[in-house]
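Visitor:
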Amino acid sequence: MEKRALIGITGRSELPRPPLSSPLHGVSEAYVRAVREVGGLPLVVPPVLEEEAAGPLLACLDGLLLSGGGDVAAEFYAGADSPLLMLVDRDRDRAELALAREALRTGRPILAICRGVQVLNVALGGTLYQDIGTQVPGALQHRSPDGQAKNVSTHPVRLVPGSRLADFLGTTEARVNSFHHQAARDVGEGLAVTARAPDGVIEGLEHQTHPFCVGVQWHPENPAGNREAMGCLFQAFVAAAAAR
Ligand code: MN
33 MEKRALIGIT
43 GRSELPRPPL
53 SSPLHGVSEA
63 YVRAVREVGG
73 LPLVVPPVLE
83 EEAAGPLLAC
93 LDGLLLSGGG
103 DVAAEFYAGA
113 DSPLLMLVDR
123 DRDRAELALA
133 REALRTGRPI
143 LAICRGVQVL
153 NVALGGTLYQ
163 DIGTQVPGAL
173 QHRSPDGQAK
183 NVSTHPVRLV
193 PGSRLADFLG
203 TTEARVNSFH
213 HQAARDVGEG
223 LAVTARAPDG
233 VIEGLEHQTH
243 PFCVGVQWHP
253 ENPAGNREAM
263 GCLFQAFVAA
273 AAAR
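Every letter in the sequence shown is one number past the one before it in this note's numbering, and letter 124, counting from 1, is 156.
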């Protein structure tokens, strides 16, 4: 039987909602579905982890999916927190930075989505725009209104020809959904820009020498009218993890 890749999906914390009385650690079902659709075995990774546990945990996983979520605290890239930061969770930041660094060190395939690509960039010494709307002149609307359906296209992106991302998606232009107000600013060591929005905001990064380390700022798990192309991204990721 063909080996199925075990994919760790990083989770988030949620406060208890009555009648539940304890906080939840979980992931959006869209990530789980996208991994399952291409034959991967998803495993939810809680957003708390001591740094030295990243190695043993990664050793069990074939691939790491860094999922979307709140903002990364600025202290992790030597900045001061802007008052515009949202949903900061330093425990999650620490856990994901440790996992990302371990996956980079050990060559485990990484797919980084939205917040995930920001974590990836910070893990490699990059910095972030803490709030695109106030820090990038002439910025487009990247933060879709609260409650907007995830699968609605928000803005176009131009992909760098020859990048893995462009190869996987089979195109150099796409329309994507957009639910972020942070983005990579200075690019981390070893990463290359693979996609930009028309306002210059970085929408894709990939590592130049790692076996598979691809990140996008949009949400391919909830594709905006291009399900087939975005499914190819998950397919390539899970295939790389299975072949490890
Ligand atoms: Mn965007």
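For every residue, glycine included, the Cβ atom is placed at its ideal position computed from N, Cα and C.
#1: Can you list, in chain order, the residues of its chain whose CB lies under 6 Å from that of Arg-124, leaving out five sequence neighbours each side?
#2: How about Pro-141 and Ala-273: do their beta carbons lie closer than 7 Å?
#3: Of all the alpha helix (DSSP H) runs that stay within the bounds of the region 42 to 120, which reach a length of 4 or more residues?
#4: Taking 6 Å as the cut-off, is the beta-carbon of His-251 closer than that to any non-hydrogen atom of the ligand MN?
#5: Is the beta carbon of Ser-99 within less than 6 Å of some heavy atom of the ligand MN?
#6: Which class does Arg-124 belong to by DSSP, given the choice of helix, strand or coil?
#7: Cutting at 7 Å between CB atoms, please list the residues of its own chain near Glu-128, excluding the five before and the five after it.
#8: Could you give the first and the last residue of the continuous beta strand (DSSP E) run that contains Ala-206?
#9: Note down, in chain order, each residue of its chain lying with its Cβ closer than 8 Å to the Cβ of Gly-232, except the 5 sequence neighbours on either side.
#10: Would you list, in sequence order, the uninterrupted beta strand (DSSP E) runs of no fewer than 3 residues that lie entirely inside the region 173 to 246?
#11: Can you round the beta-carbon distance between Gly-95 and Val-270 to whole angstroms, since I take them to be within the 8 Å contact cut?
#12: If Leu-116 sits next to Asp-163, beta carbons under 8 Å apart, how far is it from one beta carbon to the other, in whole angstroms?
#13: For the beta strand (DSSP E) that contains Ala-261, what are its first and last residues?
#14: Just grab the DSSP bridge partners of Val-248 for me.
#15: Can you list, in chain order, the residues of its chain with a C-beta nearer than 7 Å to that of Met-118? Leave out the 5 residues immediately preceding and following it.
#16: Do you know how far the Cα of Ala-181 is from the Cα of Ala-112?
#17: Give me the Cα-Cα distance between Ile-234 and Thr-226, rounded to the nearest whole angstrom.
#18: Tell me whether the beta-carbon of Asp-218 lies closer than 7 Å to the beta-carbon of Gly-165.
#19: Note the first and the last residue of the continuous alpha helix (DSSP H) segment covering Gln-167.
Guide: So, to answer that:
#1: Pro-79
#2: yes
#3: Correct list: 61 to 69 and 86 to 92.
#4: no
#5: no
#6: helix
#7: Thr-42, Leu-98 and Val-151
#8: 205 to 208
#9: Val-168
#10: 187 to 191, 205 to 208, 223 to 228 and 234 to 239
#11: Correct: roughly 7 Å between the Cβ atoms.
#12: 4 Å
#13: Note, Ala-261: premise wrong, no beta strand (DSSP E); alpha helix (DSSP H) at 259 to 274.
#14: Ile-145 and Gly-236
#15: Gly-102 and Asp-103
#16: 32 Å
#17: 8 Å
#18: no
#19: Following the DSSP letters along the chain, one finds Gln-167 inside the alpha helix (DSSP H) bounded by residues 164 to 167.
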